[in-house]
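2 protein chains.
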Amino acid sequence: MSDHGVPAPTEPRPTRLAALRDALARADLDALLVTSLANIRYLTGFSGSNALLVITAKDCVLMTDFRYATQVEEEVGGHAMIRIERANLWTGLWAQLGALVSVERIGFESMGLVHQDFARLLEQGARWSWRPTTEIVETLRAVKDPGEVVLIERAVAMAETALRLTVPMLHPGLTETAVAGILERHLREAGSEAFPFPSIVASGPRSALPHARTSERVLETGDFVLLDFGAVTAGYCSDITRTFVLGRATDGQREVYDVVREANARASGAIRVGMTGMAADAVARDYIDSRGFGEAFGHSLGHGIGLEVHEAPRLSRVVETPLAAGTVVTIEPGIYRAGWGGVRIEDNVYLSDAGPRILTGYPRDLHELS
Amino acid sequence: MSDHGVPAPTEPRPTRLAALRDALARADLDALLVTSLANIRYLTGFSGSNALLVITAKDCVLMTDFRYATQVEEEVGGHAMIRIERANLWTGLWAQLGALVSVERIGFESMGLVHQDFARLLEQGARWSWRPTTEIVETLRAVKDPGEVVLIERAVAMAETALRLTVPMLHPGLTETAVAGILERHLREAGSEAFPFPSIVASGPRSALPHARTSERVLETGDFVLLDFGAVTAGYCSDITRTFVLGRATDGQREVYDVVREANARASGAIRVGMTGMAADAVARDYIDSRGFGEAFGHSLGHGIGLEVHEAPRLSRVVETPLAAGTVVTIEPGIYRAGWGGVRIEDNVYLSDAGPRILTGYPRDLHELS
């Protein structure tokens, strides 16, 4: 397997559909109703916000609405039978399904369908037999092809370029929101087509909130400043975190920083194909525990990234599935002390049979901003 | 009813809980399991990304995880019984429900619960009787109190400030992504805590895509440039659209622009409490139809805004519910011609018994950018 990020020379969609059809046959399903928009994008290329997709052994039918009539043709072309529904997509679905022969047992995405739409299947769709499925397409998505890895690398490069331009502009007196504005403008200038999640700028005691919202707090000398953000290109996300000290670090800040930095390095170095998510998580967690900060690392080590910023696989204490070759995950240990502050260092790592390759190159040493 | 946006002097959460409890009593429910995060925020103030809330006639129990331990105390304080769950929130739910007396019939949010979690209710939660509900909290949220209107007005002001600073910087040669970066930095400088949806910058033929994604297309003289974006403050959103011409407008551009501008003005002027969503939509649609562009206005007239950028009520061809006093909606007619371009003009309008009040003040006349 190439480790060097050469784009796939062939069109990936037929390969993905073939892999999905194999999975459906193994699950004894005649078809899959795909409702997750990220899964629809993966299988067809369509990036709109309203769609239903039906995949059978032979057919691939994509339904969307008027707003996307032009876009869906451009993005999907001949890779699916496209239906622009004037009314509700669900009304269109019954008509489309009725036209498909030998389709009885249909899987639906249990994590990607709200109860109200599930009730439609049992009512208007009562003539078919509906079976809940879990992560069928997500499992395919977890293994990236070389073209996908290239896109994630580009999203990482955009994020790092933006960070490099932003860090020299950080100074006491700026609000967290203003810092986010500087960072996001640099992300846009680097070509990021969107923000994969709300950028986190958390300073001082607010850096102890693992999922802080960016606020109007003013940066002060002595603060930790934690930036957790990403870029998106062609739908693929990056997700990185760096934590800085504004001015000179105290001994306490330096100690916590060094523990997180070492936990990050150990996990990124040790992660391997075939290891469980739990074992990967334990590499960082056991080290942080051994340094006396175990209680302060309350979230899991990381998660897959791709078309979604949180996707399979998970690196957490409860995951017993072995990691597959081709996954791209975040490695993001952290230590959080309420009222005092916190540190997180997050990288994006590609996992091949040859070992881990860290996609993020931005320095991890403690950086005291003068 | 005040029309002048004075903040509510009293704490709104007890009032909201009381209104919800009345609705539960009318629906013959002992409790409601709230899974929609926007509904949880409305009822408790908690803005985290992982929570379950149970409301009974007497109790209000909020479950979240470690990451939010500090934040939930700050945001919710004494307004709910807070439970930080070490394991899965659902495991915590069964324990919390078991401790509540006289709770048998429990509503759940049919539009806010995925099938996988619905299946948990039937399995691990089998000792209770579960009833699907639709838009119970959403219906309360549609009617804004004066404090909420003030926050939406602030979000509108942030968006307009950003637009005023951005427009003079538009020129041929910029990419749409770069324009988004300029606009979003100005939104942040104006204090916007987040972006309510991915900003749309659509130029030239791309302005004909009603849900365009911002792209790397370079702005050219003669383009329509459509900006659709918003700001957020204390969770409340604005959502506005303006369309400009880069250089001198052609007669064709001017005609389409004038039709949309007039449709916007007619709808904003005519909308009233008690009117149906369908009737409001028809004011703009009939005018556009009469000018020969009916086929080119393929989406609905507008939607409620508040804690979510799309919420109740809807202004569309199929909505027969009368509009309540206190709603805040978008009015956003558009005309789209594939391959040529499109125009949309979107305002935010507060509806009281005294009539409509247009919250957006940014000019709507055709602006040719030199």
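Residue numbers (my numbering), protein chains in the order written: chain A, 1 to 370; chain B, 1001 to 1370. Just so it is clear, CB atoms sit at the ideal spot from N, CA and C, and this is done for glycine as well.
Proximity to residue i [Cα-Cα], best of the options
i, options, result
"Gly302 of chain A", "A:Gly326, A:Ile271, A:Arg13", "A:Ile271"
"Gly371 of chain A", "A:Asp65, A:Leu29, A:Pro12, A:Asp239", "The shown model of chain A, from 1 to 370, leaves out residue 371 of chain A, and the question about it has no answer."
"Tyr1042 of chain B", "B:Glu1308, B:Ser1352, B:Gly1334, B:Gly1112", "B:Glu1308"
"Ser1203 of chain B", "B:Arg1105, B:Arg1213, B:Leu1219", "B:Leu1219"
"Gly325 of chain A", "A:Asp145, A:Arg185, A:Asp347, A:Ala25", "Per the sequence presented here, residue 325 of chain A reads as Ala, with Gly not at that position. Closest option to Ala325 of chain A, Cα to Cα, is A:Asp145."
"Arg1206 of chain B", "B:Ala1025, B:Leu1122, B:Val1034, B:Ala1338", "B:Ala1338"
"Pro132 of chain A", "A:Arg105, A:Gly147, A:Val149", "A:Arg105"
"Glu1148 of chain B", "B:Cys1237, B:Arg1254, B:Glu1255, B:Val1256", "B:Cys1237"
"Arg188 of chain A", "A:Ala208, A:Ala231, A:Thr241", "A:Ala231"
"Ile1288 of chain B", "B:Thr1321, B:Arg1016, B:Ala1263, B:Gly1306", "B:Ala1263"
"Gly247 of chain A", "A:Ala180, A:Phe224, A:Leu97", "A:Phe224"
"Ala296 of chain A", "A:Ala208, A:Gly98, A:Glu320", "A:Ala208"
"Leu1170 of chain B", "B:Ala1155, B:Val1201, B:Tyr1257", "B:Val1201"
"Asp1365 of chain B", "B:Gly1306, B:Met1275, B:Glu1255", "B:Glu1255"
Straight-line gap, residue i to residue j (C-alpha atoms, nearest Å)
i, j, result
"Gln1124 of chain B", "Ala126 of chain A", "26 Å"
"Arg1217 of chain B", "Thr1177 of chain B", "8 Å"
"Glu998 of chain B", "Phe1229 of chain B", "Any answer about residue 998 of chain B is impossible in this case: the structure gives chain B only from 1001 up to 1370."
"Glu73 of chain A", "Thr175 of chain A", "44 Å"
"Val1273 of chain B", "Pro1198 of chain B", "31 Å"
"Leu1037 of chain B", "Ala1019 of chain B", "18 Å"
"Glu85 of chain A", "Leu1369 of chain B", "37 Å"
"Gly371 of chain A", "His1310 of chain B", "Shown here, chain A extends from 1 to 370; a query on residue 371 of chain A therefore has no answer."
"Ala249 of chain A", "Gly222 of chain A", "7 Å"
"Val101 of chain A", "Arg1266 of chain B", "50 Å"
"Gly1304 of chain B", "Ala279 of chain A", "47 Å"
"Phe1293 of chain B", "Tyr1336 of chain B", "9 Å"
"Ala1080 of chain B", "Val1103 of chain B", "18 Å"
"Thr327 of chain A", "Ala354 of chain A", "13 Å"
"Trp1340 of chain B", "Arg1120 of chain B", "50 Å"
"Ala234 of chain A", "Phe195 of chain A", "12 Å"
"Arg357 of chain A", "Ile40 of chain A", "28 Å"
"Gly1361 of chain B", "Ala282 of chain A", "56 Å"
"Arg1141 of chain B", "Ala1312 of chain B", "8 Å"
"Arg1285 of chain B", "Val143 of chain A", "48 Å"
"Glu1332 of chain B", "Ser1110 of chain B", "29 Å"
"Leu1163 of chain B", "Ala1157 of chain B", "10 Å"
"Val58 of chain A", "Thr139 of chain A", "In the sequence under discussion, the amino acid at residue 58 of chain A is Lys, which differs from the Val named in the question. Roughly 21 Å between the two C-alpha positions."
"Gly1078 of chain B", "Pro1014 of chain B", "11 Å"
"Ala27 of chain A", "Trp1090 of chain B", "28 Å"
"Pro1210 of chain B", "Gly1342 of chain B", "8 Å"
"Pro363 of chain A", "Ala159 of chain A", "13 Å"
"Leu1351 of chain B", "Val76 of chain A", "42 Å"
"Thr67 of chain A", "Gly1298 of chain B", "The amino acid occupying residue 67 of chain A in the given sequence is Arg; Thr does not appear at that position. Each residue's Cα considered, the two are about 7 Å apart."
"Asp65 of chain A", "Leu93 of chain A", "12 Å"
"Leu359 of chain A", "Glu153 of chain A", "6 Å"
"His1367 of chain B", "Ala69 of chain A", "29 Å"
"Asp251 of chain A", "Pro1172 of chain B", "52 Å"
"Arg1314 of chain B", "Val329 of chain A", "40 Å"
"Pro371 of chain A", "Ile182 of chain A", "Nothing about residue 371 of chain A can be reported from this structure: the residues present for chain A run from 1 to 370 only."
"Leu1017 of chain B", "Ala180 of chain A", "35 Å"
"Pro322 of chain A", "Gly1277 of chain B", "52 Å"
"Trp128 of chain A", "Leu1122 of chain B", "22 Å"
"Asn88 of chain A", "Trp1130 of chain B", "28 Å"
Short Cβ contact (7 Å threshold) for residue i with residue j
i, j, result
"Ile985 of chain B", "Leu1062 of chain B", "Past the boundaries of the shown model lies residue 985 of chain B; chain B is included only from 1001 to 1370, so the question cannot be answered."
"Ser316 of chain A", "Ser290 of chain A", "no"
"Ala190 of chain A", "Thr166 of chain A", "no"
"Ile55 of chain A", "Leu32 of chain A", "yes"
"Ser268 of chain A", "Val349 of chain A", "yes"
"Arg261 of chain A", "Ile345 of chain A", "yes"
"Thr1243 of chain B", "Leu1226 of chain B", "yes"
"His115 of chain A", "Leu1113 of chain B", "yes"
"Val1245 of chain B", "Gln1253 of chain B", "yes"
"Glu1184 of chain B", "Glu184 of chain A", "yes"
Any chain E beta carbon closer than 7 Å to residue i
i, result
"Thr1177 of chain B", "Any reference to chain E falls outside this structure, whose protein chains are A and B."
query: In chain order, what residues of the region 58–80 of chain A put their CB closer than 9 Å to some CB of chain B?
result: Asp65, Phe66, Arg67, Tyr68, Ala69, Thr70, Gln71
query: Taking the runs of the alpha helix (DSSP H) that are 4 residues or longer, which of them lie wholly in the region 1117–1198 of chain B?
result: 1136–1142, 1146–1166, 1176–1189
field: Contained beta strand (DSSP E) runs [length at least 3] in the region 19–66 of chain A, N- to C-terminal order
entry: 31–34, 51–56, 60–65
- prompt: Which of the residues in the region 114–129 of chain A, read from start to end, lie with their CB under 8 Å from any CB of chain B?
  reply: Val114, His115, Gln116, Phe118, Ala119
message: As an exercise, report each continuous alpha helix (DSSP H) stretch of at least 4 residues that is fully enclosed by the region 1257–1297 of chain B, in chain order.
response: 1277–1290
message: Please list, in chain order, the residues of the region 1288–1300 of chain B that have any C-beta partner in chain A closer than 9 Å.
response: Gly1298, His1299
- prompt: In chain order, what residues of the region 1272–1286 of chain B put their CB closer than 7 Å to some CB of chain A?
  reply: none
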